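Heads up: the structure comes next, in structure tokens.
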Amino acid sequence: MHNVVCIKQVPDSAQIRVHPVTNTIMRQGVPTIINPYDLFALEAALELRDKFGGEITVVTMGPPSAEDSLRKALTFGAERAVLLTDRCFAGADTLATTYALATAIRKIGKDYGQPDLIFTGKQTIDGDTAQVGPGIAKRLQVMQLTYVVKIGALDLTARTIEAERRSEGGVQVLRTRLPCLITMLEATNQIRRGAMADALRAARAPIVKWSAQDAGVEDISKCGLKGSPTVVKRVFAPSARADKATLVEPSEEPAQALIDTIFKHQPKLEADLAALAGNV
Amino acid sequence: MTNVIKAPASSAAGRAAAKKELPEHFRAYKHVWVFVEQERGEVHPVSWELMGAGRRLADKLKVDLAAVVIGPEGEAARNAALQSFSYGANLVYLVADQVLADYRNEAYTKALTDLVNSYKPEILLLGATTLGRDLAGSVATTLLTGLTADCTELDVDSDGSLAATRPTFGGSLLCTIYTLNYRPQMATVRPRVMPMPECIARDPGRIILHSLDLIEADIVSKVLSFVPDRDSSISSLAYADVVVAGGLGLGSVENFELVRQLAAVLGAEHGCSRPLVQKGWVTSDRQIGQTGKTIRPKLYIAAGISGAIQHRVGVEGADLIIAINTDKNAPIFDFAHIGVVTDAVRLLPALAAAFQARLSPRLRDRVVSHDFRGAPQRRRGP
Ligand SMILES: Cc1cc2nc3c(=O)[nH]c(=O)nc-3n(C[C@H](O)[C@H](O)[C@H](O)COP(=O)(O)OP(=O)(O)OC[C@H]3O[C@@H](n4cnc5c(N)ncnc54)[C@H](O)[C@@H]3O)c2cc1C
Chain A
1 MHNVVCIKQV PDSAQIRVHP VTNTIMRQGV PTIINPYDLF ALEAALELRD
51 KFGGEITVVT MGPPSAEDSL RKALTFGAER AVLLTDRCFA GADTLATTYA
101 LATAIRKIGK DYGQPDLIFT GKQTIDGDTA QVGPGIAKRL QVMQLTYVVK
151 IGALDLTART IEAERRSEGG VQVLRTRLPC LITMLEATNQ IRRGAMADAL
201 RAARAPIVKW SAQDAGVEDI SKCGLKGSPT VVKRVFAPSA RADKATLVEP
251 SEEPAQALID TIFKHQPKLE ADLAALAGNV
Chain B
281 MTNVIKAPAS SAAGRAAAKK ELPEHFRAYK HVWVFVEQER GEVHPVSWEL
331 MGAGRRLADK LKVDLAAVVI GPEGEAARNA ALQSFSYGAN LVYLVADQVL
381 ADYRNEAYTK ALTDLVNSYK PEILLLGATT LGRDLAGSVA TTLLTGLTAD
431 CTELDVDSDG SLAATRPTFG GSLLCTIYTL NYRPQMATVR PRVMPMPECI
481 ARDPGRIILH SLDLIEADIV SKVLSFVPDR DSSISSLAYA DVVVAGGLGL
531 GSVENFELVR QLAAVLGAEH GCSRPLVQKG WVTSDRQIGQ TGKTIRPKLY
581 IAAGISGAIQ HRVGVEGADL IIAINTDKNA PIFDFAHIGV VTDAVRLLPA
631 LAAAFQARLS PRLRDRVVSH DFRGAPQRRR GP
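Protein sequences appear in the order of chains A and B. The first sequence begins at 1 in our numbering and counts up one residue at a time. The second sequence begins at 281 in our numbering and counts up one residue at a time.
So, in structure tokens, the structure goes:
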């Protein structure tokens, strides 16, 4: 089978700092990583390949430096990496991103075989929208299974797949048709340690680099900033609350003192709490 | 280029100049819509929260607020429609069909996009739940319009555009996003981010029925089964009145038990900061914050939590925030209402005992008096 895994290179947000005065992101030296959610997608694809054979193509849209993330993906065992990079992609919102990625995935299908499954992570840690997966599926007119916890029976002859997906109140088990786009939920698997051979191969493997034109983009106005219906108008820091916390004075009975302060602050709360505690 | 981060300041500056030039065919788009999410016959409360937000937008724009109810025919859909009026809707669009019994992207996307194309709303709001996000992404792509996820604030600008504010860069900054020249302007909001509006019995308004025009044979995906969670269907943590949470400052998984015990005394739900989930001390459904649950309790007690921005955005809606932290400079004291600078491991059991004595005087005699300086880690009896 042929599976395509979409990944994104993101700043390691654990290390992002905002400049206290200018409110801009301090970018110096922030390392980049593969969006952690995408690794669950990649591992799911790898497990299917182990079982059914075939190939995995990883694809990303990003600046030339996103090549690092693709190489990293190769070390885990993906066969092929495609970097979609072009100035015209810059500033894309989710709609413009899905246009570019869907176009590239069509081209991947033509060049390397039609994909059976297309994977994305649940969302990214820098955008947090969870919109790109469903958007790609719609653009490609394929089925979609989001928030998948487990991939079940896969029948490549009948072209069907069963999967369990998380919903608000439980787990929904569905059967649908291939090709299908899957967004994997986090903590559903753990990315493997890549094999030594893959690490060696990844260092030298050619990365397929496509400009918008190479990928078959027909309408550049649908890409990047131009193709984005949303416009970021303002970026600002959350306002600080004027008053800091009232600190409970140290005492022999701090628990008692705290409770007294709480009920002095909000006298109504005592009855509410008593009712709640009474129900325990 | 070695850096992938788009500087927010410059991108904002570059795009702030973008102008509203709404094409003629979009000018007919009017009114605010809220998608009323149902799962297995139950309306997700986030839908009513959105109704409150939608009402404010509609009033500002002087337009109608409509509820969109999509689901199987029957009492549940009818009730959802009627309830929508109580939460502030002027009218309801109802698509009721047996094939909508379970949520399936294909059928729901068709139902919602057909409605939008027929009745043309200017604003469409959905809950940022698993269902809402799955649906919103598909609908926005089908309609080729803008969608802003996980908004924390919705407002209408002087020119009538929706100003959707959301956290960006891991929550360290906020940004306001517009869909200037496409319609509808779509946004999702997470549960508990908006306050729950009052439910006031009102005479039902108009219900507009719309047919789905889809038969089961047309739908590719089949639901094989549904396994409900053992907990109640709507996360009890997000909707709890009292929440007690612990963070890394507790020092050990054993000490997290103290959080659970205090929660039990208060009839509260327990929660935690993200590192505790990462360490495997607590399950991920208990995480509070930007990538966990948003809570809005009457009382929130945070023990050994520093108050990082990603945690803060999930708890700011609480009426009263109590912070227990050994570091008087911890950022949590910047947004907590009441703070105690002390060792949470010692305070939590004393607090549990004191609350119990205070709240259920009948039990007072049975509560062993607690020495605050006593052994911190010992558990109280079963
Ligand atoms: C993209 C992204 C998303 C994130 N999402 C979330 C999220 O949803 N929720 C979330 O919580 N975090 C989230 N985080 C992590 C967040 O940035 C912080 O790292 C995290 O909240 C810190 O957890 P903590 O307060 O428990 O630990 P720490 O920051 O280590 O704080 C521990 C605190 O305990 C205090 N302390 C130590 N000993 C004691 C004691 N004996 N008694 C009392 N206090 C004591 C210390 O003074 C300190 O303030 C996210 C981070 C990123 C990058």
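Glycine included, each C-beta is placed from N, C-alpha and C at the ideal position. Here the structure is a predicted model, which means the values were calculated and not measured.
- request: Just tell me which of Thr422/B, Asn397/B, Arg384/B and Leu454/B has its CA closest to the CA of Val173/A.
  value: Nearest C-alpha to Val173/A: Arg384/B.
- prompt: Which bits of chain B does Glu218/A rub up against, with CB to CB less than 8 Å?
  reply: Those do not exist, as Glu218/A stays about 15 Å from chain B at its closest Cβ, beyond 8 Å.
- prompt: Using a Cβ cut-off of 7 Å, which residues of the stretch 554–587 of chain B contact any Cβ in chain A, in chain order?
  reply: Listed in chain order, the positions of the stretch 554–587 of chain B with a beta carbon within less than 7 Å of a beta carbon of chain A are Ser564, Lys578 and Leu579.
field: Option in Asn397/B, Asp430/B, Val379/B and Leu406/B with minimal Cα separation from Gln123/A
entry: Closest in alpha carbon position to Gln123/A, among Asn397/B, Asp430/B, Val379/B and Leu406/B, is Asp430/B.
- prompt: Heavy atom of ligand 1 less than 8 Å from the Cβ of Gly527/B, yes or no?
  reply: Indeed, a heavy atom of ligand 1 lies less than 8 Å from the Cβ.
field: Members of the stretch 146–167 of chain A near chain B, C-beta cut-off 7 Å
entry: Going along the stretch 146–167 of chain A in chain order, one finds Thr146, Tyr147, Glu162, Arg166 and Ser167 with a Cβ nearer than 7 Å to chain B.
message: Among the candidates Lys150/A, Arg177/A and Val171/A, whose CA atom is the shortest distance from the CA of Gln141/A?
response: Ranking the options by Cα distance to Gln141/A, first place goes to Arg177/A.
query: Among Thr120/A, Arg192/A, Asp260/A and Gln213/A, which has the Cα closest to the Cα of Ser251/A?
result: Measuring from the Cα of Ser251/A, the nearest candidate turns out to be Asp260/A.
- request: Would you kindly work out how many angstroms separate the C-alpha atoms of Ile161/A and Gly53/A, rounded to a whole number?
  value: Cα-Cα distance, rounded: 16 Å.
- request: Specify the secondary structure class of Ser513/B as computed by DSSP and reduced to three states.
  value: Caution applies to Ser513/B, whose pLDDT of 43 falls short of 50 and renders its modelled position unreliable; the model cannot decide the point.
- request: Determine whether the Cβ of Ala603/B lies closer than 9 Å to any Cβ atom of chain A.
  value: Chain A has a Cβ within less than 9 Å of the Cβ of Ala603/B.
field: For Ser505/B: DSSP bridge partner residues
entry: Ser505/B is bridged to Val173/A.
message: Using a Cβ-Cβ cutoff of less than 7 Å, which residues in the same chain neighbour Ile152/A once the five nearest sequence positions on both sides are dropped?
response: Note that residue 152/A is Gly in the sequence shown, not Ile. If we look at Gly152/A and ignore the five residues flanking it on each side, its Cβ neighbours are Glu162, Ala163 and Glu164.
query: Taking the alpha-carbon positions, what's the Lys209/A to Thr120/A distance?
result: Pairing Lys209/A with Thr120/A, the inter-Cα distance amounts to about 20 Å.
query: With 9 Å set as the bound, which would you pick, yes or no: does the beta-carbon of Leu639/B sit closer than that to a beta-carbon of chain A?
result: Leu639/B counts as touching chain A.
- request: Please go through the same chain and pick out, in chain order, the residues whose beta-carbon is closer than 6 Å to the beta-carbon of Val284/B, but skip the five residues on each side of it.
  value: Reliability fails at Val284/B, whose pLDDT of 35 lies under 50, so the model's placement of it is uncertain and the value that follows must be treated cautiously. Cβ neighbours of Val284/B beyond the five flanking positions: none.
- request: Give the DSSP bridge partners of Asp155/A, in chain order.
  value: DSSP lists Thr160/A as the bridge partner or partners of Asp155/A.
task: Report yes if the CB atom of Thr428/B is closer than 9 Å to the CB atom of Arg413/B, and no otherwise.
output: No, the Cβ-Cβ distance between Thr428/B and Arg413/B is not below 9 Å.
message: Which residues in chain A have a C-beta closer than 7 Å to the C-beta of Cys455/B? List them in chain order.
response: Those within 7 Å of Cys455/B in chain A are Val232, Arg234 and Val235.
query: How long is the line joining the alpha carbons of His650/B and Arg470/B, rounded to whole angstroms?
result: Here the model assigns His650/B a pLDDT of 44, short of 50, so the residue's position is not dependable, and the following value carries that caveat. Rounded to whole angstroms, His650/B to Arg470/B spans 41 Å at the Cα level.
Proximal residues to Leu276/A (C-beta, below 8 Å), its chain only, five neighbours per side dropped: Same-chain partners within the cutoff: there are none.
message: Considering Cα atoms alone, identify which of Ala78/A, Ala66/A and Lys268/A is closest to Lys8/A.
response: Closest option to Lys8/A, Cα to Cα, is Ala66/A.
- request: Please list the partners that Thr246/A has in chain B, where partner means a Cβ-to-Cβ separation under 8 Å.
  value: Those within 8 Å of Thr246/A in chain B are His617, Ile618 and Gly619.
message: If you reduce the DSSP assignment to three classes, tell me which class Pro447/B lands in.
response: Strand.
CB contact flag (Val523/B, Ile581/B, <9 Å): Going by C-beta atoms, Val523/B is nearer than 9 Å to Ile581/B.
- prompt: On the premise that Ala96/A lies in contact with Lys222/A, defined as a C-beta separation below 8 Å, what is that separation, rounded to the nearest angstrom?
  reply: Going by Cβ atoms, the distance from Lys222/A to Ala96/A rounds to 7 Å, so yes, they are a contact pair.
query: For Cys180/A, does the three-state DSSP call read helix, strand or coil?
result: Taken through DSSP and simplified to helix, strand or coil, Cys180/A comes out as strand.
message: Just checking: is the beta-carbon of Gln413/B within a distance shorter than 9 Å of some beta-carbon in chain A?
response: Checking the displayed sequence, the identity of residue 413/B turns out to be Arg instead of Gln. Yes, because at least one Cβ of chain A sits closer than 9 Å to the Cβ of Arg413/B.
- prompt: Buried or exposed: where does Ile108/A fall if 16 or more other Cβ atoms within 10 Å of its Cβ makes it buried?
  reply: Buried is the call here.
4-residue-minimum alpha helix (DSSP H) runs that sit fully inside the stretch 337–398 of chain B, ordered along the chain: 355–366, all fully within the stretch 337–398 of chain B.
message: On a Cα-Cα basis, can you pick out the residue from Phe449/B, Val473/B and Ala497/B that is closest to Thr409/B?
response: With respect to the C-alpha of Thr409/B, the residue from Phe449/B, Val473/B and Ala497/B having the closest C-alpha is Val473/B.
message: If I measure Cβ to Cβ from Leu374/B and keep anything under 6 Å in the same chain, skipping five residues before and after, which residues do I get?
response: Cβ within range, chain order: Val349, Ala361, Ile487 and Leu489.
message: So Gly426/B and Gln465/B are supposed to be a Cβ contact under 8 Å. How far apart are they, rounded?
response: Yes, they are in contact, since the Cβ atoms of Gly426/B and Gln465/B sit about 6 Å apart, within 8 Å.
- prompt: Hey, would you say Asp607/B sits closer than 9 Å to Ser640/B, going by beta carbons?
  reply: No, the Cβ-Cβ distance between Asp607/B and Ser640/B is not below 9 Å.
message: With a threshold of 9 Å between beta-carbons, can Gln131/A be considered close to chain B, or not?
response: Cβ-Cβ to chain B under 9 Å: yes for Gln131/A.
Limits of the unbroken beta strand (DSSP E) element including Gln590/B: If you look at Gln590/B, you'll find it isn't in any beta strand (DSSP E); it sits in the alpha helix (DSSP H) that goes Ile589 to Val595.
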